[in-house]
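First the structure, in the form of structure tokens, and then the observations on it.
In our numbering, the protein residues as written are 32 to 266.
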């Protein structure tokens, strides 16, 4: 029953996605819900990639695993400032009892070190050398589903990226704290004046602004809870 409830909740969070993607999402949730994540015994952690640290994953009621593969723009996928905000919030709500475990595939250690340094992200991170961690678990290729809330037995309770999706963030917080994070808002539907906007070439050091007109086509009042972007270069 809990698994079915979770699937229905996640699907409701993804109603803005195309219809033909919903089946894919449902299958991923079914596959990963309750699945145990295998952690290698000899995981080595570093700070800023090159500085070894003596860190062991603590036993905890919940832990968050963030796996970042080497496909595409690492900085765009990471959004480290948003992770730092979420970690601070969870630490405050749980007295720091929920560890966040970041594991990276790295095709360029210098680039990854630069990204971590720029955002002053000094938490221990693990580099998945030779793809060992990924091979043991076969994580989804979609970055939306490479982040997991795990229980004390390392079994998946929630799958999805809480910094990319505010509703998924609420699921994490509800599971961790046992409380509804925010009151449920009535659902409505929105339409934009265009499906996409071409900003052309944005040169380094410059910015471009785009006004997006949104029209409430539903029957309930639209309340803006917040917004997320898929890339650090958009705000």
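Heads up, the beta-carbon is just placed ideally off N, CA and C, and yes, glycines get one too.
For residue j and residue i, believed in contact at Cβ under 8 Å, the rounded distance
i: residue 223; j: residue 250; result: Actually they are not in contact, since the Cβ atoms of residue 223 and residue 250 sit about 19 Å apart, beyond 8 Å.
i: residue 143; j: residue 105; result: 6 Å
i: residue 130; j: residue 71; result: Going by Cβ atoms, the distance from residue 130 to residue 71 rounds to 16 Å, so no, they are not a contact pair.
i: residue 172; j: residue 189; result: Going by Cβ atoms, the distance from residue 172 to residue 189 rounds to 19 Å, so no, they are not a contact pair.
i: residue 136; j: residue 162; result: 7 Å
i: residue 113; j: residue 187; result: Rounded, the Cβ-Cβ distance is 22 Å, inconsistent with contact.
i: residue 148; j: residue 79; result: 6 Å
i: residue 191; j: residue 176; result: 6 Å
i: residue 20; j: residue 153; result: The question about residue 20 has no answer here: the residues shown for the chain are numbered 32 through 266.
i: residue 109; j: residue 99; result: 6 Å
i: residue 180; j: residue 132; result: Incorrect: roughly 11 Å between the Cβ atoms, too far for contact.
i: residue 165; j: residue 68; result: That pair is no contact at about 11 Å.
DSSP three-state assignment for residue i, whether helix, strand or coil
i: residue 230; result: coil
i: residue 67; result: strand
i: residue 243; result: coil
i: residue 269; result: The structure shown has nothing for residue 269, since the chain only spans 32 to 266.
i: residue 284; result: What the structure shows of the chain is the stretch from 32 to 266, and residue 284 is not part of that stretch, so it cannot be assessed.
i: residue 76; result: strand
i: residue 237; result: coil
i: residue 60; result: helix
i: residue 195; result: coil
i: residue 112; result: helix
i: residue 88; result: coil
i: residue 136; result: coil
Residues bridged to residue i (per DSSP)
i: residue 190; result: 179
i: residue 131; result: 95
i: residue 221; result: 247
Segment limits, beta strand (DSSP E) that includes residue i
i: residue 83; result: 82 to 84
i: residue 7; result: The requested residue 7 does not occur in the structure, where the chain is confined to residues 32 to 266.
Start-to-end residues for the alpha helix (DSSP H) that takes in residue i
i: residue 105; result: 105 to 109
Cβ-heavy atom distance, residue i to the ligand NAD, below 7 Å
i: residue 67; result: In the structure on display, the ligand NAD does not appear, and there are no ligands present to speak of.
Residue-level contact to chain C via CB, residue i, 8 Å cutoff
i: residue 245; result: You won't find chain C in this structure, because it holds only one protein chain.
Handout entry: Unbroken stretches of the beta strand (DSSP E), 3 residues or longer, contained in the segment 155 to 186
Key = Counting whole runs of 3 or more residues, the segment 155 to 186 contains the beta strand (DSSP E) stretches 156 to 158, 178 to 182.
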